[in-house]
Amino acid sequence: MHSRMNWIQKKEAIVNNILAHQELRKALFYNDSNFLDKPDISASQLLYHNVFPYQHPIDSTTSPASYLTVSFKNMKLVNSTFSSGLLYIHTLVHKDLMKTDYGALRTDYIISLIDELMNGQTGLGMGKLEFNRMDELALKSGYIDLYVSYKIWDFY
Numbered sequence: 308m309h310s311r312m313n314w315i316q317k318k319e320a321i322v323n324n325i326l327a328h329q330e331l332r333k334a335l336f337y338n339d340s341n342f343l344d345k346p347d348i349s350a351s352q353l354l355y356h357n358v359f360p361y362q363h364p365i366d367s368t369t370s371p372a373s374y375l376t377v378s379f380k381n382m383k384l385v386n387s388t389f390s391s392g393l394l395y396i397h398t399l400v401h402k403d404l405m406k407t408d409y410g411a412l413r414t415d416y417i418i419s420l421i422d423e424l425m426n427g428q429t430g431l432g433m434g435k436l437e438f439n440r441m442d443e444l445a446l447k448s449g450y451i452d453l454y455v456s457y458k459i460w461d462f463y
């Protein structure tokens, strides 16, 4: 058996890395603009509530909240030796929760923490995760979707 991680393990490692960050957990869990001043949150309080290891549709009937999703896209085989694709991390925040006491919009704050965790990270494939793009979408549900993607390579 070789030590190469499969895609399930890669996604689990990424989600666990995100959930290990207390500031990030607070930014996602608390709706208050001073979320960093609130009590610590356990990772288990967020998984499948605010953090999803798949693209999660936002229901406009729920109370305003903040969400983060992790998914792989555009995975393909290269020369029968390598697989390549993109890691997408979406931050979805209701427009009423954008303001923070920290000089940044909540989406920008969360994405900046994500980029600190992910950009250049090793151990998830061959080489380092490489920043690909960041973009923003306004959704009809009243949510703002700021997402970031990273290139990922691995042996097939």
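Just so you know, the numbering used here puts 445 at position 138 of the sequence shown, and the rest follows in order with no gaps. By construction, the Cβ of each residue, glycine as well, lies at the ideal position given by its N, Cα and C atoms. Model, not experiment: these values are computed from the prediction.
For residue i, which residues of its own chain have a beta-carbon under 7 Å away from its beta-carbon, when the five flanking residues on both sides are left out?
i           : result
residue 315 : none
residue 395 : 378, 380, 454, 456
residue 437 : 457, 458
residue 371 : 338, 401, 403, 404
Here's the rule: buried if 16 or more other CB atoms are within 10 angstroms of the residue's CB, otherwise exposed. What is residue i?
i           : result
residue 310 : Annotation note: pLDDT 43 at residue 310 (below 50); position unreliable, coordinate value reported separately. Counting Cβ neighbours within 10 Å, residue 310 comes out exposed, since fewer than 16 surround it.
residue 356 : exposed
residue 327 : exposed
residue 444 : exposed
residue 450 : buried
residue 317 : buried
residue 369 : exposed
Of all the options the options, which has the alpha carbon lying nearest to the alpha carbon of residue i?
i           : options            : result
residue 391 : 459, 444, 406      : 459
residue 297 : 377, 394, 450      : The structure shown has nothing for residue 297, since the chain only spans 308 to 463.
residue 416 : 373, 380, 382, 347 : 373
residue 324 : 424, 358, 348, 409 : 424
residue 344 : 350, 332, 352, 351 : 332
residue 439 : 337, 414, 393, 428 : 393
residue 361 : 371, 375, 421, 400 : 375
residue 352 : 401, 420, 336      : 336
residue 346 : 359, 329, 358      : 329
residue 421 : 408, 409, 441, 410 : 441
residue 341 : 408, 319, 414, 365 : 408
Within the continuous alpha helix (DSSP H) that includes residue i, where are the two ends?
i           : result
residue 336 : 329 to 336
residue 316 : 314 to 326
Near residue i, which residues of its chain fall below 8 Å by C-beta distance, leaving aside the five closest residues on each side in sequence?
i           : result
residue 308 : Note that residue 308 scores a pLDDT of 34, beneath 50, so its modelled location is shaky; the value from the coordinates is reported in the next line. Nothing meets the Cβ criterion.
I'd like the list of long-range same chain contacts for residue i, defined as Cβ closer than 6 Å, with 5 residues on each side in sequence excluded.
i           : result
residue 412 : 405
residue 321 : 377
residue 418 : 398, 453, 455
residue 359 : 376
residue 350 : 326
residue 363 : 376
Which runs of the alpha helix (DSSP H) spanning at least 4 residues fall entirely within the region 379 to 461, listed in chain order?
413 to 425
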